[in-house]
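**Q**
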Amino acid sequence: MIISFVAAMTKNRVIGVNNALPWNKLKTDMRRFQKITTGHPVIYGSSTFLASPQNGRALPNRTNIVLTRDTDKAYEGCIMAHSLAEAIRTAEKHEGNDEIFIIGGSHIFEQALPLANRIYLTEVDTELQGDAYFPELDQIRWKAEDEGAFDADEDNQYAGKFVRYTRTGEYPIVEPYNARTEEFKKYLNEIIDEGKCPFCPGGATHRNQEMIYQNDHWWVINTLQPLANTLHHFMIVPFRHIVTMDELTAAEWEGFSKMLTWANGQFKANGLAYYWRQGEPMVTGASVSHLHVQAIAPAGLVQVNFGPYPKEK
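Numbering-wise (this note's numbering), the sequence shown opens with residue 723 and increments by one.
#1: Can you tell me whether DSSP reads K883 as helix, strand or coil?
#2: Can you tell me whether P763 is buried or exposed? The criterion is at least 16 other CB atoms within 10 Å of its CB, across all chains shown.
#3: Can you tell me whether DSSP reads I830 as helix, strand or coil?
#4: Compute the distance between the beta-carbons of T759 and L743, then report whether it is under 9 Å.
#5: Cα-Cα, which of K757, F823 and P898 is closest to I787?
#6: Please classify V1026 as buried or exposed, where buried requires at least 16 neighbouring CB atoms within 10 angstroms.
#7: Check the DSSP bridge columns for W864 and list the partner residues they point to.
#8: Sorted by chain position, which residues of the same chain lie with C-beta nearer than 6 Å to K733's C-beta, five sequence neighbours on each side aside?
#9: Just to confirm the assignment, what range does the beta strand (DSSP E) spanning E821 have?
#10: With DSSP as the reference, label P948 as helix, strand or coil.
#11: Measure the beta-carbon distance from G852 to G738 and round it to whole angstroms, keeping in mind my assumption that it falls under 8 Å.
#12: Would you mind reading off the limits of the alpha helix (DSSP H) that contains L982?
#13: Tell me which residues share the same chain as E892 and place their Cβ nearer than 7 Å to its Cβ, disregarding the 5 neighbours each side in the sequence.
#14: State buried or exposed for F771, treating a residue as buried only when at least 16 other CB atoms are found within 10 Å of its CB.
#15: Since I believe N951 is in contact with G1022 (beta carbons under 8 Å), could you give me their beta-carbon distance rounded to a whole number of angstroms?
#16: Distance check for D877 and K747, CA to CA, integer angstroms please.
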């Protein structure tokens, strides 16, 4: 299943103003939107639903899933969902689920961006005032491909072009957005300036932290920021720079097994919990885009965050 976005934005990334589109008409864009999404589930927030050109009516020939926190709210011809996860699970059960489309608004785009595989974006050739914006797309994660353009005419208030963004499968070496503290965020930004993965040999973690175990393929350190209510919290990292478990070789799996034998004998805990962080760090909450395993021996209730840590108020 592919999760795609469809949106139109101005040069200053505006997608809406006062719960409405910021332009009067872009008929060429609307025709493209209809062609792309027809026959597939569409997910959108209630404000976007009410502000759509359908004037609060379900889009025809599509499964309409509307996100809202209001459990009493219902719209004719729509399926109501109360979380993004519920909306996606619902879309998976309906016709055309090979590709599901998220169509707004800005908060849902921001929340769902780590899950998106493809973005169909209309870039409108103007700058306008607005209060809803499309999230920034970095060049490491996303590859842009032009798919045509249109002029300002009787059908289109402004000129624009169609761009399709596809995930590259690449990630920045570290993700400062996932830092739990400002001090750690500063440290991650320094690593970006250095340009070297901290988990690779010669990187910052290798230089600054003592290994408590290593074999031919893996090394282990105590974490600098252990989770609350843990007796032990350590991290297991492959020497080789890889991002997903699929890349592990048979020899590396054998080395991981040896590490587990060491850990069970070393910590003698009643239980050890292992969780892998692979792939998109904005999904896993990882601060480093290098496959690693967090291992904890709980001393009480332990909460693990996936995705960015909640920001302190």
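All C-beta atoms, glycine included, are put in the ideal place defined by N, C-alpha and C.
**A** Quick look at the numbers:
#1: Numbered from its first residue, the sequence shown carries residue 883 at position 161. Of the three classes helix, strand and coil, the one that applies to K883 here is strand, per DSSP.
#2: Residue 763 sits at position 41 when you count from the first residue of the sequence shown. Classification for P763: buried.
#3: For the purposes of this step, residue 830 is identified with residue 108 of the sequence shown, where counting begins at 1. Residue state, collapsed to three classes: helix.
#4: Locating residue 759 in the sequence shown gives position 37, counting from the first residue. Locating residue 743 in the sequence shown gives position 21, counting from the first residue. No, the Cβ-Cβ distance between T759 and L743 is not below 9 Å.
#5: Here residue 787 corresponds to residue number 65 of the sequence shown, with the count starting at 1. Checked all of K757, F823 and P898; the closest Cα to I787 is F823.
#6: Stepping through the sequence shown from its first residue, residue 1026 is reached at position 304. Its Cβ having fewer than 16 others within 10 Å, V1026 is exposed.
#7: The residue given as residue 864 occupies position 142 in the sequence shown. Paired residue(s): R889.
#8: Along the sequence shown, one-based indexing puts residue 733 at 11. Taken in chain order, the residues that qualify are E849.
#9: As a first step, residue 821 must be located in the sequence shown, where it is residue number 99. Counting along the chain, the beta strand (DSSP E) containing E821 begins and ends at E821 to I824.
#10: On the sequence shown, position 226 is the one that residue 948 refers to. Of the three classes helix, strand and coil, the one that applies to P948 here is coil, per DSSP.
#11: Looking up residue 852 in the sequence shown gives position 130. Looking up residue 738 in the sequence shown gives position 16. At roughly 6 Å, the Cβ-Cβ gap stays under 8 Å, so G852 and G738 are in contact.
#12: Here residue 982 is taken as the residue at index 260 of the sequence shown, counted from 1. Segment A972 to F989, the alpha helix (DSSP H) holding L982.
#13: One-based indexing of the sequence shown puts residue 892 at position 170. The residues I862 and R863, in chain order, have a CB closer than 7 Å to that of E892 in the same chain once the five nearest residues on each side in sequence are set aside.
#14: The residue you call residue 771 lines up with position 49 of the sequence shown. Result: buried.
#15: In the sequence shown, the residue the question calls residue 1022 occupies position 300. In the sequence shown, the residue the question calls residue 951 occupies position 229. Yes, G1022 and N951 are in contact; Cβ-Cβ is about 4 Å, under 8 Å.
#16: Stepping through the sequence shown from its first residue, residue 747 is reached at position 25. Stepping through the sequence shown from its first residue, residue 877 is reached at position 155. So the two alpha carbons sit approximately 7 Å from each other.
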